[in-house]
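The structure appears right after this line, and notes come after that.
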Ligand code: GMT
């Protein structure tokens, strides 16, 4: 197949899923054309069967604000026509699904068609999509997509109820390469972080309010009262300054390590003992899955799709949003019970391999593409 993929190219889960999907499809011989305003983060090398088409953003004194959605439609039309695409797959509804819809309508005018599939990832449904100004547009683009997938059962249900849509939505979970994300015998960074043999807590995100990163620092403060521990924070975003301020306020500068954005995730995750995900909202929790595949138990909030990924009392623990006392208690429990820790670690890895490996999930996307292409 010749597939066009549009996603946000930045350090977020939807971009990661789209890029890894494109890479997997290309390795199977499909031709994949990424269409976005920048090269997706994980696409930083030459790969056979992968092509990148940059959306140029028109500038003109009259256009005080970017016309990205329209420029994207124009680029989609060009790539669909000249690269003879069979299908467009857009990730994150706003504005990608609307741009694809427009491209489809424009092609129809010349008696040509292009089918497009929209994958809903999270805040396009649970946060941004609910803004009154966006809501009708998101609802419309979901209804008009030829196919729609959601990354968890939770997200599918939210879409059907929040937007009052009546259509099929296929649940296709996030996936990872469990050969890349795996427990390593050699843990090169563990001693660098744990200079005095401390336990290591890790969190990785884009530091948006929805991730509740300050909770991880407060959890560390409580854990440290019982177990020597440090917190490694990976990623960057709007809440980082507040997190650095909180770290100073709690006098934890020596115990919280801000790494910023990092590429060597499997190696860094392998330095960890526990992964924290205290999110306000989380449709799936890709970064928790990455940790689980490395054999790191996760302590998280009970929101969204997290209970579909993390099995309470088997692969980790789940607590109410903001219940940092309970989350800290769970962390201490795991860090002070070696036998239990080993079982949770093994369960985490096994669950990631059995249910969320790319070799299990990518074929589900291909089957779905074929189903949509074969639907009249
Ligand atoms: O919805 C977002 O915040 C955007 C998205 C991203 O690009 O970071 O994250 C979502 O998509 C991921 C991949 O499907 C999911 O694993 C994340 O749980 C989800 N984030 C939220 O729901 C907050």
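Numbering (my numbering), first residue to last: 18 to 393.
Yeah, the Cβ is synthetic: ideal placement off N, Cα and C, and Gly gets one too.
What you are looking at is a predicted structure, and each value in this text was computed from that prediction instead of being measured.
- By the Cβ criterion, the region 110 to 118 is in contact with the region 137 to 156, since at least three pairs of Cβ atoms, one from each stretch, lie closer than 8 Å.
- For residue 164, the enclosing beta strand (DSSP E) begins and ends at 164 to 167.
- Per the coordinates, the alpha-carbon of residue 120 lies some 28 Å from the alpha-carbon of residue 300.
- In the displayed model, residue 329 falls within a strand according to three-state DSSP.
- DSSP places residue 275 in the uninterrupted beta strand (DSSP E) bounded by 273 to 277.
- Between the region 296 to 315 and the region 29 to 47, the count of C-beta pairs closer than 8 Å reaches three or more; the two stretches touch.
- Look at residue 373: its beta carbon is at least 7 Å from all of the heavy atoms in ligand 1.
- Three or more Cβ pairs closer than 8 Å define a contact, and the region 235 to 255 meets that threshold against the region 341 to 355.
- Residue 36: member of the alpha helix (DSSP H) spanning 30 to 44, first to last residue.
- Within 10 angstroms of the beta-carbon of residue 73 lie fewer than 16 other beta-carbons, which makes it exposed.
- Residue range 170 to 179 is occupied by the alpha helix (DSSP H) that includes residue 178.
- About 20 Å separates the beta carbons of residue 313 and residue 239, which is beyond the 8 Å limit, so they are not a contact pair.
- Within the same chain, Cβ atoms closer than 8 Å to the Cβ of residue 363 are found at 312, the five residues on either side in sequence being excluded.
- Inclusion of residue 43 and residue 61 in the CB contact set at 8 Å is not warranted, their separation being larger than that value.
- Under the criterion of beta carbons closer than 8 Å, residue 81 and residue 54 do not qualify as touching, at roughly 18 Å.
- Looking from the CA of residue 99, the closest CA among 224, 76, 21 belongs to 21.
- It is roughly 13 Å from the alpha-carbon of residue 129 to the alpha-carbon of residue 118.
- Residue 334 has 316 as its beta-bridge partners, per DSSP.
- Relative to the Cα of residue 213, the nearest Cα in the group 271, 370, 161, 183 belongs to 271.
- For residue 20, DSSP records a beta bridge to 49, 104.
- Here residue 216 is bridged, per DSSP, to 246.
- With a cutoff of 7 Å, residue 191 counts as near ligand 1, since its C-beta is closer than that to a heavy atom of the ligand.
- Counting every other CB atom within 10 Å of its CB across the protein chains shown gives residue 277 a total below 16, marking it as exposed.
- When the Cα atoms are used, residue 216 and residue 250 turn out to be separated by approximately 14 Å.
- Rounded to the nearest whole angstrom, the CA to CA distance from residue 133 to residue 141 is 17 Å.
- For the pair residue 153 and residue 233, the CB atoms are not nearer than the 8 Å cut-off.
- Annotation for residue 171: 300, 321, 322, 325 place their beta carbon closer than 7 Å to its own, counting only its chain and skipping 5 residues before and after.
- Pairing residue 64 with residue 203, the inter-Cα distance amounts to about 29 Å.
- Measuring C-alpha to C-alpha distances from residue 275 to each of 48, 173, 254, 383 identifies 254 as the nearest.
- For residue 189, the closest of 38, 357, 343, 26 by C-alpha to C-alpha distance is 38.
- For residue 23, the distance from the CB to the nearest heavy atom of ligand 1 is not below 7 Å.
- For the options 344, 90, 127, the alpha carbon positioned closest to that of residue 236 is the one of 344.
- Contact between residue 316 and residue 293 holds, with the beta-carbon distance rounding to 6 Å and staying under 8 Å.
- Around residue 231, the same chain offers 256, 259, 260, 263 as residues with beta carbons nearer than 8 Å, after the five sequence neighbours per side are excluded.
- In the DSSP assignment, residue 264 falls outside any beta strand (DSSP E) and within the unbroken alpha helix (DSSP H) covering 257 to 266.
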